[in-house]
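Here's the structure, in structure tokens; my notes come after.
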Amino acid sequence: MAPTHLQHRRTHNLLLVSKLLNQRDAASPFTLVLDSLEQSAKPLIAEYIRRAKTANVHIIFISFETLRKPRNVETFIPAWSQSLQAWQTEVTNTIKAQPTTQKTLLILDSLTPLSTTNPQNLPNLLSSLLSPRTSLLAIYHPDIPLPPSPPNQTNPYTPHTLTLLKYLATTLFTLHPPHHVLAHQAARARSLIEPSFGLHESVEGLVQGLGCNSAEGVVLEMEHRRKSGRGVREMYYLPLKTARRGGGKASAGAGGEVMLLEDYPPYRALTRSETGGEEGGKGGGGDGTTFELGLTERQRRDRENVVLPYYDAQRGDGVGEGGRILYDMGSEDDFDEEEDEI
């Protein structure tokens, strides 16, 4: 990729993720976050709340798993202790009580209960919560299997809940722990099999792997769908607040600024080792070898002037004409035309 196009992509994608996190210009009405046991969505939700508080956005937190009201949240609705109609009415009344120009951010800490009890009406429920000045941020746990629905209440052609949510979402964030991403990149750099962690290791009794839920940062795999339908995919690294205060490895992202994953120093070092590095060819080739694999301009000219003795044998005028044997008779050859005809 040309340097100009590369710089344009970097600048555009950084501005895009900043717009999404800051909820500017209604960039994403419905944002779906996929977390796991290896990497929780709490750091990303905390970043959304912090930026929404700075932008004077009213935050409504609909809780299915959280018992205590998070910090900087104006309205906390314990949906786990209310019926569906009760907390939905409370959300509607809270939004109507806000000024006309006030923006609202709805946060659902888990869609698993709604996907379990009433998956058929989940799209209609989420659509009823949206408005031109209201955006929705919801979390889904793919690690939690959904119970099978009764055969008489399900349509065999109905897509899975996660498939339907991915189709409805305008922005999809999949969270990964940095330790696992670096381990996968290191394996690819050495042409080894990528390691598995947690439930993917298929080890009895193992739930979480090493390096899960790091306090330094979180890797965001973003998939954003524009109004035109074109998708944008990018990998980011978000340093956490604790790491920024401590000045640890994630100090490069001080100030809460998200960066491209390729700019994350440990990941960039592994990428350079995979491609041979920028300084790997001081004593030889650019791929880290001790000798030069390329040709000089003089060597290229000499190669073009080389005439192979039987090169014409490889030129075929038609099907089956290639690979002929060309031989010129010499004076020392004993050739008899009569014997050759026999």
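Each residue of the sequence shown is one higher than the last, beginning at 1 in the UniProt record's numbering. Glycine included, every Cβ here is placed at the ideal spot set by N, Cα and C. Note that this is a predicted model, so its numbers are computed, not measured.
Straight-line spacing of the CA atoms in residue 93 and residue 49 works out to 21 Å. Annotation for residue 58: the continuous beta strand (DSSP E) segment containing it runs 58 to 63. In summary, residue 227 is exposed, with fewer than 16 beta-carbon neighbours lying within 10 Å of its beta-carbon over all protein chains present.
Within the same chain, 26 come within 8 Å of residue 132 by CB-CB distance, once the 5 residues on both sides are set aside. When secondary structure is reduced to three states using DSSP, residue 170 falls in the coil class, being assigned neither helix nor strand. Cα atoms of residue 222 and residue 42: separation of roughly 17 Å, rounded to the nearest angstrom. For the options 13, 8 and 45, the alpha carbon positioned closest to that of residue 240 is the one of 45.
For residue 236, the enclosing beta strand (DSSP E) begins and ends at 231 to 239.
Comparing alpha-carbon positions, the option among 76, 142 and 205 lying closest to residue 174 turns out to be 142. Straight-line measurement puts the Cα of residue 295 at about 57 Å from the Cα of residue 161.
One Cα belongs to residue 51, the other to residue 59, and the distance between them is close to 11 Å.
In the three-state scheme derived from DSSP, where H, G and I count as helix and E and B as strand, residue 78 is classed as strand. Counting C-beta pairs closer than 8 Å gives three or more between the segment 201 to 216 and the segment 21 to 40, which meets the contact rule. Sequence-distant partners of residue 146 (beyond 5 residues in either direction) whose C-beta falls short of 8 Å from its own C-beta, in its chain, are 112, 115, 116, 119 and 161. Secondary structure at residue 68: coil, using DSSP grouped into helix, strand and coil. DSSP lists no bridge partner for residue 257. In this structure, residue 76 sits away from residue 169, with a CB-CB distance that is not shorter than 7 Å. Close CB contacts of residue 266 within its chain, under the 6 Å cut and outside five residues either way in sequence, are with 182 (chain order).
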